[in-house]
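Trainee: Per numbering that gives the first Met the number 0, the very first residue in the sequence shown carries number 0; after that it's consecutive.
Questions regarding the structure given below will be posed in turn.
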Amino acid sequence: MDINGKVAIVTGGTKGIGEGIANKLAEYGAKVVVCSRSKAKTKHHFVQADVSRAADCERLVQETLARYKKIDILVNNAGVYPFVALDKMTEKDWDLVMNVNLKGVFNCVKAVLPHMKAGGRIISIASIAGVSVGFAGLAHYCASKAGIMGFTRAAALELAPRKITVNAVAPGAIKTPGTEGAMTPELEKQTIQIIPEGRMGRPVDIAETVAFLASPASEYITGQTIVVDGGYTDR
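Set out below in structure tokens:
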């Protein structure tokens, strides 16, 4: 799990799962750069960037290189999940989610690749919503997360000869400020009853998995999506 001295970019790294990932990578010795669309306070180096814009992703990479001279790890965590019923969903609703969740992954990978050397790690945050579970009101989100998994498999094949691994992590129900705002106490109770582990996940549960995939310990793992859901999808 030694990533001491590695340089990592974590998109959407100022709160929730992203913040947990950034903190864990730093705990294991990495130098971490985080970004978000809005200005935010963070203990890591911050770059304001919208991953749906290729120019912003390029600037994020260039600022990271200017500060740390290299990029070893990219964590594509930035994502949005506005609930909209399918019959009410507009093209604008669809494009927002696709542009941030899926196009954002493409933009960041494209920007990083010219500067990532052998041993590089690309990790994207997918979701059980892209694996085997659908959620009403989140058709655009489910589609975007399934897209991340397909992108991960294809990119892994292309980058294996360069010794760069590409993997994804699919969280289940994780307790974050965002999910707390979206879930009523009753819905949270119902969700916990479904989870064999008997609790909501925590950002650190995802962060530890990401740290493993970012480390030399995962050298022979690529093109995979690791589900971290307390057994939710096993029922």
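Glycine included, every Cβ here is placed at the ideal spot set by N, Cα and C.
Buried or exposed, going by whether 16 or more other CB atoms sit within 10 Å of the CB of residue 37?
Mentor: Locating residue 37 in the sequence shown gives position 38, counting from the first residue. Classification of residue 37: exposed, given that the 10 Å Cβ count is below 16.
Trainee: Taking 7 Å as the threshold (C-beta atoms), are residue 25 and residue 5 in contact?
Mentor: The residue labelled residue 5 in the question sits at position 6 within the sequence shown. The residue labelled residue 25 in the question sits at position 26 within the sequence shown. Not in contact: residue 5 and residue 25 (Cβ atoms no closer than 7 Å).
Trainee: Pop quiz: residue 203 and residue 23 are said to be a contact at Cβ under 8 Å. What is the actual Cβ separation, rounded to whole angstroms?
Mentor: In the sequence shown, the residue the question calls residue 203 occupies position 204. In the sequence shown, the residue the question calls residue 23 occupies position 24. At roughly 7 Å, the Cβ-Cβ gap stays under 8 Å, so residue 203 and residue 23 are in contact.
Trainee: Is residue 70 closer than 7 Å to residue 63 when the C-beta atoms are compared?
Mentor: Numbered from 1 along the sequence shown, position 64 holds the residue referred to as residue 63. Numbered from 1 along the sequence shown, position 71 holds the residue referred to as residue 70. In contact: residue 63 and residue 70 (Cβ atoms closer than 7 Å).
Trainee: Within its chain, find whatever has a CB closer than 8 Å to the CB of residue 156; leave out the 5 residues flanking it on each side and keep chain order.
Mentor: Stepping through the sequence shown from its first residue, residue 156 is reached at position 157. Excluding residues within five positions, the ones whose Cβ falls inside 8 Å are 222.
Trainee: Put residue 161 into one of helix, strand or coil per three-state DSSP.
Mentor: For the purposes of this step, residue 161 is identified with residue 162 of the sequence shown, where counting begins at 1. Three-state result, residue 161: helix.
Trainee: Looking only at C-alpha atoms, which of 149, 35, 224, 95 sits nearest to residue 139?
Mentor: Stepping through the sequence shown from its first residue, residue 139 is reached at position 140. With distances taken between Cα atoms, residue 139 lies closest to 95.
Trainee: Going residue by residue through the segment 11-38, where are the continuous alpha helix (DSSP H) segments of at least 4 residues, counting only ones entirely within it?
Mentor: 15-26
Trainee: Just to confirm the assignment, what range does the alpha helix (DSSP H) spanning residue 239 have?
Mentor: Residue 239 lies beyond the residue range present for the chain, which begins at 0 and ends at 234; the question has no answer from this structure.
Trainee: For the segment 145-152 against the segment 197-216, are there 3 or more C-beta pairs whose distance is under 8 Å?
Mentor: no
Trainee: Suppose only complete runs of 4+ residues qualify. What are the alpha helix (DSSP H) ranges in the segment 27-111, listed by chain order?
Mentor: 53-67, 90-96, 103-111
Trainee: So, helix, strand or coil for residue 190, using DSSP?
Mentor: Your numbering for residue 190 matches position 191 in the sequence shown. Secondary structure of residue 190 (DSSP, three-state): helix.
Trainee: Closest by CA to residue 189, which one among 172, 90, 205, 78?
Mentor: If you number the sequence shown from 1, residue 189 lands on position 190. Ranking the options by Cα distance to residue 189, first place goes to 172.
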